[in-house]
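Input: a single structure, listed below in structure tokens.
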Amino acid sequence: MADKSLMTIKERHAENPNRDGHQEEEYDFVAHRPPSRPLTSDFATFMHLCKASIGTGILFLPNGFRRAGYVMSVICGVVIGLLCTHTVVVLIRSAHILCRRNRIPMLDFARTAEVSFENGPSELRKYGRTFGITINVIVCFVHFQASVIYILYVATSFEQVIEFSFDIKVDTRIYILALSPFVCLLGLVRDLRYLAPFSVIGALFMFVGIFVTLYYLLEDMPDPARLEAFTTVLPVPMYCSLFLFALHNVTLCLPLENSMKKPQHLPWLIACNMLLNTGMYIVFGYLGYNKYSRDTCDTVVKNLPLEETLAKSIKIAIALSVLFSFGLVLYVPVSVLWPMIQSKFRRTIRYGETMFRSSVMIAATILAIAVPKMVPLLSLLAALSMTTIMLLIPIVIETATKWEQATRFLFAKNISIFLVWVLLLISGSIESVLSIIREYGEVKEKGC
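Numbering (the working numbering), first residue to last: 2 to 449.
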């Protein structure tokens, strides 16, 4: 049915060559959605967005503040937050325009990209399918990079606790290898129903862990006068990449929109959630930097005192929360990529899927072993993928969607965002690579 909708877009163009606003308004895409689906309220959708915003990304922000300075971090955090709020809202509104224009009830991320090119300049229309495939590849890469960071986070967290408790010093790569059987077991789970208990327990551990961490950050707050307001320009793109990793929710928005009772309200819900997240991340990052200053570790949880049982328990709980999320993170790239290649395993589909899942997990483990430097690796991967999916892709979709009605302001705005993307992509990648090289030659910070 979905393919038929895409195949008939050209016929609709021929029937409605003017595609004016009146014709777009005539089609109520919400009314044409399947009536039997369970629909979510605005409040439930907002809660989903809030739940998605509490994750490992927030734990890296104090380290970002340490690198960039607290004034620069606040300024860049506000700018990135406002830009991402705008681009995600633009993506949702473009999807709504395309649904009305092409008389399609709902669109996912990849199909929104594909249909936007089908409705864009004549030179781009033949590349619609390619653009849709590109989106799927980027989404898969985003989840793959998350799996790499998750492996590193869990391994380094257990390394810290075991070193302190038993005075055993082993290379981080050994912990990564020791972790790999558990990663494989979770990654081989095909049914989301079996992953649900792990997700619930993991979410509970994460919420408790972050609130206890916040308690430690607020306890005996030191004088902020000793903090650096600015450092140098070079770490700023790395901080922006870390902030984008924490703020990233664009792949969640259209699935939520497709399940809402009133999807027209989603742009406002996203705007409120993104602005709330931006403020929360900035406050958490500042408090972490203020508490530990130059001693801030890659994730602030590692700064919690190992001498205290509560702090040690929180370190383990958050590490387990991240580990339990691995199966869910892997589910997205498998569900997108496996259907594309499963025809090659017609007689051994189950064996083929097992091999495919294993290959993804082995690749993630190898990358974690090759570069066991969490913050520089995260900022490098985020500079390549998060900047693209959060800044570039939405404005490309908007420009193609509104091509015939585009104004000078629209072009100027999107060109400005494009230049920000280029700056973060190039400078963030270069600085992250240099940081990886530098950190390979440094002794590991005490306690981190």
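Think of the CB as a built atom: it goes at the ideal place given N, C-alpha and C, for glycine as much as any other residue.
The alpha helix (DSSP H) that contains residue i, what's its start and end?
i: Phe167; result: 129-167
i: Val337; result: 327-342
i: Ser181; result: 173-188
i: Met451; result: Examination of residue 451 is not possible in this model, given that the chain is present from 2 through 449 alone.
i: Arg227; result: Arg227 -> no alpha helix (DSSP H), and no H or E assigned at all.
i: Thr400; result: 394-402
i: Leu60; result: Taken as a continuous stretch (DSSP letters only), Leu60 belongs to no alpha helix (DSSP H), as it is neither H nor E.
i: Gly353; result: 350-371
i: Ile202; result: 193-219
i: Lys170; result: Looking at the DSSP string, Lys170 is not in any alpha helix (DSSP H), and its letter there is neither H nor E.
i: Phe346; result: Careful: Phe346 lies outside any alpha helix (DSSP H) and carries neither H nor E.
i: Lys292; result: 267-293
i: Met391; result: Here Met391 belongs to no alpha helix (DSSP H), and DSSP marks it neither H nor E.
Taking C-alpha atoms, which residue in the options lies nearest to residue i?
i: His49; options: Ala413, Leu425, Leu270, Ala318; result: Leu270
i: Leu180; options: Asn120, Thr157, Val190, Glu229; result: Thr157
i: Thr41; options: Gln265, His144, Gly82; result: Gln265
i: Lys316; options: Tyr217, Arg112, Cys185, Leu378; result: Tyr217
i: Leu196; options: Lys52, Ala45, Gly328, Ala272; result: Gly328
i: Arg34; options: Val155, Pro198, Lys263; result: Lys263
i: Tyr28; options: Trp339, Asn250, Ile105, Leu288; result: Ile105
i: Asp43; options: Gly65, Leu267, Gly129, Val213; result: Leu267
i: Leu243; options: Leu435, Asp221, Tyr282; result: Tyr282
i: Pro182; options: Ser359, Met261, Val421, Val372; result: Ser359
i: Gly429; options: Val237, Ala247, Gln343; result: Val237
i: Arg437; options: Ile394, Val75, Val372; result: A quick correction: the sequence has Ile, not Arg, at residue 437. For Ile437, the nearest C-alpha among the options comes from Val372.
i: Val330; options: Thr173, Lys127, Val149, Phe410; result: Val149
i: Phe419; options: Gly121, Thr408, Ile363, Ile394; result: Ile394
i: Glu399; options: Thr113, Phe66, Leu83, Pro63; result: Thr113
i: Glu164; options: Thr88, Glu308, Arg191; result: Glu308
i: Val213; options: Phe285, Leu379, Thr233; result: Phe285
i: Met275; options: Pro36, Ala53, Ala45, Val31; result: Ala53
i: Val90; options: Asn103, Met391, Phe412; result: Met391
i: Val434; options: Ala401, Leu187, Pro377, Ala413; result: Pro377
i: Met375; options: Phe231, Phe30, Arg101, Gln146; result: Gln146
i: Ser336; options: Leu193, Leu425, Thr349, Asp299; result: Leu193
So what does DSSP say about residue i, is it helix, strand or coil?
i: Met261; result: strand
i: Thr300; result: coil
i: Thr41; result: strand
i: Arg34; result: coil
i: Arg474; result: Residue 474 lies beyond the range of the chain shown here (2 to 449); nothing can be said about it.
i: Thr233; result: coil
i: Asn250; result: coil
i: Ala53; result: helix
i: Leu324; result: helix
i: Ala407; result: coil
i: Gly121; result: coil
i: Tyr28; result: coil
i: Pro306; result: coil
i: Lys313; result: helix
i: Met222; result: coil
i: Pro106; result: coil
i: Lys414; result: helix
i: His23; result: Its pLDDT being 49, under 50, His23 is placed unreliably by the model, and the measurement read from it follows with that caveat. Helix at His23.
i: Leu7; result: Any reading at Leu7 must be qualified, since the residue scores a pLDDT of 44, below 50, and its modelled position is unreliable; the value itself is stated next. Three-state DSSP puts Leu7 in a helix.
i: Gly429; result: helix
i: Ala383; result: helix
Less than 8 Å between the CB atoms is what I'm expecting for residue i and residue j, so what's the real figure, rounded?
i: Gly203; j: Phe61; result: Not really, about 18 Å apart at Cβ, beyond 8 Å.
i: Ile319; j: Met222; result: Their Cβ separation, rounded to whole angstroms, is 22 Å, which puts Ile319 and Met222 out of contact at 8 Å.
i: Leu189; j: Thr355; result: 7 Å
i: Val155; j: Val301; result: That belief does not hold up - the Cβ atoms of Val155 and Val301 are roughly 16 Å apart, past 8 Å.
i: Thr86; j: Ala383; result: In fact, because the Cβ distance is near 18 Å, the residues do not count as touching under 8 Å.
i: Ile169; j: Ile370; result: Contact doesn't hold; Cβ gap of about 19 Å is too wide.
i: Val333; j: Cys141; result: 7 Å
i: Ser294; j: Arg227; result: 6 Å
i: Val171; j: Lys313; result: That pair is no contact at about 18 Å.
i: Leu255; j: Ala32; result: Between Ala32 and Leu255 the Cβ distance is about 19 Å, and since that is not below 8 Å, they are no contact.
Should residue i be listed as close to the ligand PLP, given that the test is whether its C-beta is under 7 Å from any heavy atom?
i: Glu440; result: The model depicted lacks the ligand PLP and carries no ligand whatsoever.
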